[in-house]
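Enquirer:
Protein chains: 2
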Amino acid sequence: VIEAGLPGERLLLKTDAVVEGVHFTSEHAPEAVGRKAMNRCLSDIAAMGGTPTHALVTLALPAGFDASMPGELYRGLNGAAARHGVAIVGGETTSNPRGLLISVAMLGRVPSDRCLTRGGGRAEDAVFVTGDLGGSMAGKHMNFEPRLEEARWLGDRFEIHGTIDVSDGVAGDLRHLMAASGCGAELRAESIPISRAARRLARASSQAKPPLMAALTDGEDYELLFAVGKRDAVPLLDAWKTRFPDVRLTCIGRLTDRPGLMLLDREGARMLDVHGYTHFE
Amino acid sequence: VIEAGLPGERLLLKTDAVVEGVHFTSEHAPEAVGRKAMNRCLSDIAAMGGTPTHALVTLALPAGFDASMPGELYRGLNGAAARHGVAIVGGETTSNPRGLLISVAMLGRVPSDRCLTRGGGRAEDAVFVTGDLGGSMAGKHMNFEPRLEEARWLGDRFEIHGTIDVSDGVAGDLRHLMAASGCGAELRAESIPISRAARRLARASSQAKPPLMAALTDGEDYELLFAVGKRDAVPLLDAWKTRFPDVRLTCIGRLTDRPGLMLLDREGARMLDVHGYTHFE
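Taken in sequence, the protein lines are chains A and Z.
Convert by adding 11 to the 1-based position in the first sequence; the result is the number in my numbering.
Convert by adding 11 to the 1-based position in the second sequence; the result is the number in my numbering.
(1) Show which residues of chain Z have a CB atom less than 8 Å away from the CB atom of asparagine 50 of chain A.
(2) On the criterion of 16 or more Cβ atoms from any shown chain inside 10 Å, does glycine 278 of chain Z qualify as buried, or is it exposed?
(3) Identify the continuous beta strand (DSSP E) that holds arginine 133 of chain A and give its terminal residues.
(4) Tell me which residues share the same chain as glutamate 292 of chain Z and place their Cβ nearer than 7 Å to its Cβ, disregarding the 5 neighbours each side in the sequence.
(5) What in chain A is Cβ-close to glutamate 103 of chain Z, meaning under 8 Å?
(6) Please list, in chain order, the residues of the region 56-85 of chain A that have any C-beta partner in chain Z closer than 7 Å.
(7) Quick one: what does DSSP say isoleucine 236 of chain Z is sitting in, helix, strand or coil?
(8) Evaluate contact between the region 210-219 of chain A and the region 186-199 of chain A, counting only Cβ atoms and requiring at least three cross-stretch pairs below 8 Å.
(9) Taking C-alpha atoms, which residue in Z:Leu159, Z:Trp164, Z:Ser178 and Z:Leu111 lies nearest to aspartate 77 of chain Z?
(10) Which chain A residues sit within Cβ distance under 9 Å of proline 32 of chain Z?
(11) From which residue to which residue does the alpha helix (DSSP H) around isoleucine 56 of chain Z run?
(12) Who are the Cβ neighbours of alanine 223 of chain A in its own chain at under 7 Å, not counting the five residues just before and after it?
(13) Taking 8 Å as the CB-CB cut-off, is isoleucine 305 of chain A touching chain Z?
(14) Along the region 192-213 of chain Z, what residues have a CB closer than 9 Å to any CB found in chain A?
(15) From threonine 174 of chain A to leucine 235 of chain A, what distance separates their C-alpha atoms?
(16) Please state whether DSSP places histidine 152 of chain A in a helix, a strand or coil.
(17) So with Cβ pairs under 8 Å, would you call glycine 16 of chain Z a contact of chain A?
(18) I need the boundaries of the alpha helix (DSSP H) containing histidine 187 of chain A, first residue and last residue.
(19) In angstroms with no decimal places, state the Cα-to-Cα distance between asparagine 154 of chain A and alanine 162 of chain Z.
(20) Just checking my contact of glycine 119 of chain Z with proline 81 of chain Z at CB under 8 Å: how many whole Å lie between their CB atoms?
(21) If you reduce the DSSP assignment to three classes, tell me which class proline 122 of chain Z lands in.
(22) Is serine 37 of chain A close to chain Z? Criterion is C-beta to C-beta, closer than 8 Å.
(23) Does leucine 127 of chain A have its Cβ less than 8 Å from a Cβ in chain Z?
(24) How far does the beta strand (DSSP E) with lysine 25 of chain A in it extend, from its first residue to its last?
(25) Report all residues from its chain with a CB closer than 6 Å to the CB of aspartate 143 of chain A; omit the five preceding and five following residues, and keep chain order.
(26) Between the beta-carbon of isoleucine 1 of chain Z and the beta-carbon of valine 44 of chain Z, is there less than 8 Å?
(27) Taking the alpha carbon of glycine 75 of chain Z as the reference point, which residue from Z:Ala57, Z:Arg109 and Z:Arg46 has its own alpha carbon closest?
(28) Distance, Cα to Cα, serine 37 of chain Z vs valine 115 of chain Z?
(29) In chain Z, which residues lie less than 8 Å from valine 100 of chain A when you measure between Cβ atoms?
(30) Is there at least one Cβ from chain Z nearer than 8 Å to alanine 116 of chain A's Cβ?
(31) Work out the CA separation of threonine 141 of chain Z and asparagine 107 of chain Z for me, nearest whole Å.
(32) At a Cβ threshold of 8 Å, is leucine 185 of chain A touching chain Z?
(33) Quick test of your reading: methionine 49 of chain Z and valine 121 of chain Z, contact by CB under 8 Å. State the CB separation rounded to the nearest angstrom.
(34) Taking the C-alpha atoms as reference points, what is the distance between alanine 28 of chain Z and proline 157 of chain Z?
(35) Provide the residue span of the beta strand (DSSP E) that contains arginine 281 of chain A, from first to last.
(36) Would you kindly work out how many angstroms separate the C-alpha atoms of leucine 22 of chain A and histidine 65 of chain A, rounded to a whole number?
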């Protein structure tokens, strides 16, 4: 978040990279890889309540890449950018000898008084999440919708106390919001919106995570997690259903003044000691 | 170059990546790699006459990286950024399974009426270059000075017609300036400032390029190449020597109204058919 001297506005500057073998494989269509690279940055701008404006694209192409690859990558990049009014204004193409890497740098803007951050949550706030959680690796991670419009709508109409995009699992990202807000939290197990993919993966293999754990700890959901004052919770939910009838919004718990993340289920309350996706052990 | 609504100013947005096996090897100290990654972006901001302000750093670390590597990379990144008043305000760390990659995104600003571009050169303009050319691979490519102060000084005091940073060799980059300006050019062979490194490399091996060709076609010089009206040439050179006594500035030729790049030497004039460094064959 950059104060650049624009009256009443701040600039947002963000970079995000996707790497072959980490965020996608050579099995994925280049167009889908390009779309994912752009959408990940858009999702981060969304989590600030911002409007993305310009992007630069760094393509690092593997040795012996197919001549059609750059065009297909750009079809995905351009499609996602155009859908959200973003101009790709530059970048570069270089080599990454043994694998494809795309880094997107994005510029956006946000009214200074509507810039959403992780901090600002308070005890008793209701915690909401958009969409369904878990099992993203079955397909959603390559084809998700950045919640740009939803986040701006929230910031325009409600006093949002803390926001983060769920990229490393609610059990991980909620901790970031808690830490920035100086709060603990309680989640209600029966309220967690478990995706069909997470349930299907659990049925398909006894080695898979139980669906609830998948929903709390799988990465790459690209949903919005946010806190609002408890008085706003019901009006917000009602207004949301009218405005975004196709996007599920769920109150999954509340912030508390006790440290730590608790999970409430039929057996009672227990500390949730799992975390989200860990980038480096 | 982005018109963001700042009165009298434009934003500059730039990304640049360095890749192991392309821009450096595992033999280079991580601190030097970090410095190079930052300085390359700074050199591009310089070529626009701009002032860099903020940077984001994407570190893509190889599998099994040494735990001291991120800190050493950042020592180089921070050192170069601090030297030029740039704040590193974010970025990310991810994996690049088989090699280190660093991408830097940089934000800067430039007064709208002093934004240097490749276009604007005119026939009869004098063509100048800073520093010495060629042989950068012997060491300079890891440790060069972005010409930020010099470029701003030029833009403040003279009507600069076209500017580019020499990263792919004068024979390549001058063609970009020519194309953007709709001009041809003539270079005087005896005026080309050939670096000691280029001469040394030529002496060391009969396989090496002749020094003049190295100076014209080697990559990674990171010097400024620019055109000014011929009446400004002598006053500019005089003022430069006073202001930057330690940085060589050389008039290497002129722009012309005939297409193509000519080289003038004792044997006469001939079309220079060599180009600079080619990124992809």
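C-beta: ideal position from N, C-alpha, C; glycine also.
Expert: Checking against the coordinates, here is how it stands:
(1) Here residue 50 of chain A refers to the residue found at position 39 of the first sequence. Simply none; closest approach about 16 Å.
(2) Counting from one through the second sequence, the residue named residue 278 of chain Z turns up at place 267. The sequence given here has glutamate at residue 278 of chain Z, not glycine. Per the 10 Å Cβ criterion, exposed.
(3) As a working note, residue 133 of chain A is residue 122 in the first sequence. Taken as a continuous stretch (DSSP letters only), arginine 133 of chain A belongs to no beta strand (DSSP E), as it is neither H nor E.
(4) Here residue 292 of chain Z refers to the residue found at position 281 when the second sequence is read from its first residue. Because glutamate 292 of chain Z sits at a pLDDT of 48, beneath the cut-off of 50, its placement in the model cannot be relied upon, and the point is left open.
(5) Your numbering for residue 103 of chain Z matches position 92 in the second sequence. The contacting residues are Thr26, Asp27 and Ala28.
(6) Flagged, chain order: His65, Leu67, Thr69 and Ala71.
(7) Looking up residue 236 of chain Z in the second sequence gives position 225. Checking the sequence, you will find leucine at residue 236 of chain Z rather than isoleucine. If DSSP states are grouped into helix, strand and coil, leucine 236 of chain Z belongs with the strands.
(8) Flag = no, the region 210-219 of chain A and the region 186-199 of chain A do not touch.
(9) Numbered from 1 along the second sequence, position 66 holds the residue referred to as residue 77 of chain Z. Per the Cα distances, Z:Leu111.
(10) Numbered from its first residue, the second sequence carries residue 32 of chain Z at position 21. The amino acid at residue 32 of chain Z is misidentified as proline; the sequence shows glycine. Going along chain A in sequence order, the residues near glycine 32 of chain Z (Cβ under 9 Å) are Ser106, Asn107, Pro108 and Arg109.
(11) Residue numbering aside, residue 56 of chain Z sits at position 45 when the second sequence is read from its first letter. 41-58 is the span of the alpha helix (DSSP H), which, as asked, contains isoleucine 56 of chain Z.
(12) Within the first sequence, numbered from 1, the residue matching residue 223 of chain A stands at position 212. According to the sequence displayed, residue 223 of chain A carries leucine and not alanine. Around leucine 223 of chain A: Ala200, Ile203 and Ile205.
(13) Not covered by the structure: residue 305 of chain A. The range shown for chain A is 12 to 292.
(14) Shown here is that no member of the region 192-213 of chain Z has a Cβ falling below 9 Å from a Cβ of chain A.
(15) Your numbering for residue 174 of chain A matches position 163 in the first sequence. Your numbering for residue 235 of chain A matches position 224 in the first sequence. Rounded to the nearest angstrom, the two C-alpha atoms are 7 Å apart.
(16) As a first step, residue 152 of chain A must be located in the first sequence, where it is residue number 141. Histidine 152 of chain A: helix per DSSP, three-state reduction.
(17) Taking the first residue of the second sequence as 1, we reach residue 16 of chain Z at position 5. Interface flag for glycine 16 of chain Z against chain A is set, since a Cβ pair is found closer than 8 Å.
(18) In the first sequence, the residue the question calls residue 187 of chain A occupies position 176. Taken as a continuous stretch (DSSP letters only), the alpha helix (DSSP H) holding histidine 187 of chain A covers 181-192.
(19) Counting from 1 along the first sequence, the entry for residue 154 of chain A is found at position 143. Counting from 1 along the second sequence, the entry for residue 162 of chain Z is found at position 151. The alpha-carbon atoms of asparagine 154 of chain A and alanine 162 of chain Z are separated by roughly 44 Å.
(20) Here residue 119 of chain Z corresponds to residue number 108 of the second sequence, with the count starting at 1. Here residue 81 of chain Z corresponds to residue number 70 of the second sequence, with the count starting at 1. Wrong, their Cβ atoms sit about 25 Å apart, outside the cutoff.
(21) Along the second sequence, read from residue 1 onward, the residue named residue 122 of chain Z stands at position 111. In the three-state reduction of the DSSP assignment, proline 122 of chain Z falls in the strand class.
(22) Counting from 1 along the first sequence, the entry for residue 37 of chain A is found at position 26. By this cut-off, serine 37 of chain A is not an interface position.
(23) Position 116 of the first sequence, counting from 1, holds the residue named residue 127 of chain A. At a cut-off of 8 Å between beta-carbon atoms, leucine 127 of chain A makes no contact with chain Z.
(24) Here residue 25 of chain A is taken as the residue at index 14 of the first sequence, counted from 1. First-last of the beta strand (DSSP E) with lysine 25 of chain A: 20-30.
(25) For this step, residue 143 of chain A is matched to residue 132 along the first sequence. The residues are Pro204 and Ser206.
(26) This structure cannot speak to residue 1 of chain Z, because chain Z is shown only from 12 to 292.
(27) Residue mapping note: residue 75 of chain Z aligns to position 64 of the second sequence, counting from 1. Measuring from the Cα of glycine 75 of chain Z, the nearest candidate turns out to be Z:Arg109.
(28) Working through the second sequence from its first residue, we reach residue 37 of chain Z at position 26. Working through the second sequence from its first residue, we reach residue 115 of chain Z at position 104. Their backbone Cα atoms lie some 19 Å apart in a straight line.
(29) To locate residue 100 of chain A, count along the first sequence from 1; it is residue 89. Here the neighbours are Ile13 and Leu24.
(30) For the purposes of this step, residue 116 of chain A is taken as the residue at position 105 of the first sequence. Closer than 8 Å to some Cβ of chain Z, the Cβ of alanine 116 of chain A qualifies, so yes.
(31) Against the second sequence, residue 107 of chain Z aligns to sequence position 96. Against the second sequence, residue 141 of chain Z aligns to sequence position 130. Spanning the two alpha carbons is a distance of roughly 36 Å.
(32) As a position in the first sequence, residue 185 of chain A is number 174, starting the count at 1. For leucine 185 of chain A, not one C-beta of chain Z is nearer than 8 Å to its own C-beta.
(33) Along the second sequence, read from residue 1 onward, the residue named residue 49 of chain Z stands at position 38. Along the second sequence, read from residue 1 onward, the residue named residue 121 of chain Z stands at position 110. Taking a contact as a CB-CB distance under 8 Å, the pair methionine 49 of chain Z and valine 121 of chain Z does not count as one, their CB atoms being some 19 Å apart.
(34) The sequence position of residue 28 of chain Z within the second sequence is 17, counting from 1. The sequence position of residue 157 of chain Z within the second sequence is 146, counting from 1. Note on geometry: alpha-carbon atoms of alanine 28 of chain Z and proline 157 of chain Z lie some 16 Å from one another.
(35) In the first sequence, the residue the question calls residue 281 of chain A occupies position 270. Note, arginine 281 of chain A: beta strand (DSSP E), 279-282.
(36) Translated into positions along the first sequence, residue 22 of chain A becomes position 11. Translated into positions along the first sequence, residue 65 of chain A becomes position 54. Distance between the alpha carbons of leucine 22 of chain A and histidine 65 of chain A: 11 Å.
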